[in-house]
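**Q**
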Amino acid sequence: MDGVWVFIGADSVIFAILFLTFMQDRHADAAVFEASRQTLNADLGGLDTLILLTSSWLVALAVQAVKRDELNRAPRYLLGGVLTGLMFVASKSTEYGQKFAVGITPATDPFYMWYFTLTGIHLAHVLLGTGLLTFAWRRSRQRRFDSGNRAVLECVASFWHLVDLLWIVLFPLLYLMRMAS
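If you're matching positions, the sequence shown starts at 33 in our numbering and goes up one per residue.
(1) Given C187, which residues of its chain have a CB within under 8 Å of its CB, disregarding the five upstream and five downstream residues?
(2) What residue from L206, L208 and L165 has the CA that sits closest to H193's CA?
(3) State the Cα-Cα distance for the pair F54 and L206, rounded to the nearest angstrom.
(4) Kindly give me the distance between the Cβ atoms of A74 and L198, rounded to whole angstroms, as I take these residues to be in contact under 8 Å.
(5) Go through its chain and collect everything with a Cβ distance to D141's Cβ below 7 Å, but skip five positions before and after it.
(6) Can you tell me whether F191 is buried or exposed, with buried defined as 16 or more other CB within 10 angstroms of its CB?
(7) Please list, in chain order, all residues of the same chain as F167 whose beta carbon is under 8 Å from its beta carbon, the five residues on each side excluded.
(8) Please report the distance separating the alpha-carbon of A62 from that of Q96.
(9) Kindly list the residues whose CB is nearer than 7 Å to the CB of L85, restricted to its own chain and excluding five residues on each side of it in sequence; keep chain order.
(10) Starting from I153, trace the alpha helix (DSSP H) both ways and give me its first and last residue.
(11) Short of 6 Å in beta carbon distance, which residues of its chain neighbour L72, apart from the five on each side in sequence? Order them along the chain.
(12) Whose C-beta lies closer than 6 Å to the C-beta of E127 among residues of the same chain, with five residues either side of it excluded?
(13) Taking Cβ to Cβ, would you say V98 is nearer than 7 Å to A106?
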């Protein structure tokens, strides 16, 4: 379990550096960043937030079910976590497709370079996390977890909550924060 926390801590530091660098670039080119920010679909970003919050809630319910030895509930909650992870991937893919369809790419401007970089790295985390949740779901169906043997599940859940936390920062940072004129 300690290795997972080291990874989560290191990943958090890397994202903090990326967020700070984004803010510096945003301050240096406020007009471009604000104009590009306004082209994002905040409703879709809000839906993504709801999807990930729901997913983290389901994963937390799975951990609680295992702690209480309610082993028939955990697979259902984990499957819900997997499916909501896949919903996020579909939503983000749709958003990327909309941007590419109108000619917006990472080369469009500095904002979009950051947008695709930050959301792309986050999307890679979602894909990894969804894979880990699938692994945990399969093991839970085999009743490999119980109140005395849940370390792997808790490691997967901790990583998934990091993925959620990162999005909770990314959503307002990219979609909502307006630059004052």
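The beta carbon of each residue, even a glycine, is placed where N, CA and C say it ideally should be.
**A** Let me lay it out:
(1) M33 and V36
(2) L165
(3) 10 Å
(4) Between L198 and A74 the Cβ distance is about 18 Å, and since that is not below 8 Å, they are no contact.
(5) V64 and S68
(6) buried
(7) V188
(8) 45 Å
(9) D196
(10) P142 to R173
(11) Y207
(12) L76
(13) yes
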